Ligand SMILES: [Zn+2]
């Protein structure tokens, strides 16, 4: 018989009776919810690598995506102190590139990352933005940024601790981490309707954060939360956190 409580939470490491299955994917894999911090995650992690190629990215140019890029650029700009003359922004998983393009139009210094190298090159040519062909897990920046931003990226990372650690390293002291991501707090039980389960590859969203688990990660990795904004229409939330130290 299948053991219902085989997993430990990838954020807070709680295990056993603190986990429940909220969605069965196949005979072997399920989404579990940590009843302590609210993270929803896939276990076990022995599925095939999800492919993020040009075809995957080509589907993010819908009118709603264009509108959202504008909203996000506006939001990011609103959190940056006015005394920073030319803010530098690193967008992790740059997607359609439109948010970074708009930030660049505001006079910001913009860098991006994208896992597909040919798509990274395409974006670089299209928007004249430096797009590094790598995963957040492989990010080793020498340069320090005023902002590290991502939209709908961290839920694709099996270990969000690596994401937070590398984002911390890429930020200057006092810099801002801004994350827009699906909200696992909206996953209540097996019957709940959560649109971020409906993905092209069913293993895409392998670790979905709640507000509580994002606060846990902030505390663990040297960030002070500045704001958490719920976005019910998108079933997501928006975290803004400030890097505390340099060491
Ligand atoms: Zn947890």
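Residue numbers (my numbering): 112 to 358.
For every residue, glycine included, the Cβ atom is placed at its ideal position computed from N, Cα and C.
Keep in mind it's a predicted model, so treat the numbers as computed, not measured.
Using only the heavy atoms of ligand 1, determine whether one of them is closer than 6 Å to the beta carbon of residue i.
| i | result |
| --- | --- |
| residue 122 | yes |
| residue 147 | yes |
| residue 272 | no |
| residue 150 | yes |
| residue 125 | yes |
Where do the N-terminal and C-terminal ends of the alpha helix (DSSP H) with residue i fall, by residue?
| i | result |
| --- | --- |
| residue 328 | 322-331 |
| residue 238 | 228-238 |
Residue i lies in the beta strand (DSSP E); which residues open and close that run?
| i | result |
| --- | --- |
| residue 211 | From DSSP, residue 211 is part of no beta strand (DSSP E) but of the alpha helix (DSSP H) over 209-216. |
| residue 204 | First-last for residue 204: undefined, no H or E at that position. |
| residue 335 | 334-342 |
| residue 142 | 141-145 |
| residue 128 | Neither: residue 128 is in no beta strand (DSSP E) and is coded neither H nor E. |
| residue 354 | 347-354 |
| residue 291 | 282-293 |
| residue 122 | Segment: none, residue 122 is in no beta strand (DSSP E) and carries neither H nor E. |
| residue 222 | 220-224 |
Cβ of residue i versus every heavy atom of ligand 2: is any distance shorter than 6 Å?
| i | result |
| --- | --- |
| residue 174 | Among the ligands modelled here, namely ligand 1, ligand 2 does not occur. |
Exercise for review: Just list the beta strand (DSSP E) runs in the segment 241-279, keeping only unbroken ones of 3 residues or longer that don't cross its boundaries, in chain order.
Suggested key: Counting only runs of 3 or more residues that sit fully inside the segment 241-279, the beta strand (DSSP E) segments are 241-243, 256-262, in chain order.
Practice item. Determine contact between the segment 190-204 and the segment 220-239, defined as no fewer than three beta-carbon pairs at a distance below 8 Å. Key: Three or more pairs of CB atoms, one per stretch, sit closer than 8 Å, so the segment 190-204 contacts the segment 220-239.
Check your understanding: Is the segment 236-256 close to the segment 267-279, with three or more CB pairs under 8 Å?
Key -> Result yes; three or more Cβ-Cβ pairs closer than 8 Å.
**Study point:** the segment 311-324 touching the segment 279-297, judged by at least three CB pairs closer than 8 Å
**Key:** Taking 8 Å as the limit for Cβ pairs, the verdict is that the segment 279-297 does touch the segment 311-324.
Review point. Taking the runs of the beta strand (DSSP E) that are 3 residues or longer, which of them lie wholly in the segment 151-200?
Key: Complete beta strand (DSSP E) runs here, min 3: 151-154.
Review point. Touch check for the segment 183-195 and the segment 237-250: three-plus C-beta pairs under 8 Å?
Key: Contact between the segment 183-195 and the segment 237-250 is absent: fewer than 3 CB-CB pairs across the two stretches fall below 8 Å.
Check your understanding: Between the segment 137-157 and the segment 205-215, do three or more beta carbon pairs fall short of 8 Å?
Key -> The segment 137-157, when compared against the segment 205-215, does not touch it at the 8 Å Cβ threshold.
Point to revise | contact_flag[the segment 166-175, the segment 337-350] where n(CB pairs < 8 Å) is 3 or more | key: With the rule of 3 Cβ pairs closer than 8 Å, the segment 166-175 does not count as touching the segment 337-350.
Check your understanding: Looking at C-beta atoms only, is the number of pairs between the segment 116-136 and the segment 232-241 that lie closer than 8 Å three or more?
Key -> Counting Cβ pairs under 8 Å, fewer than three are found: no touch.
Review point. Is there contact between the segment 153-162 and the segment 310-317, where contact requires at least three CB pairs shorter than 8 Å?
Key: Yes: the two stretches touch, three or more of their Cβ pairs being nearer than 8 Å.
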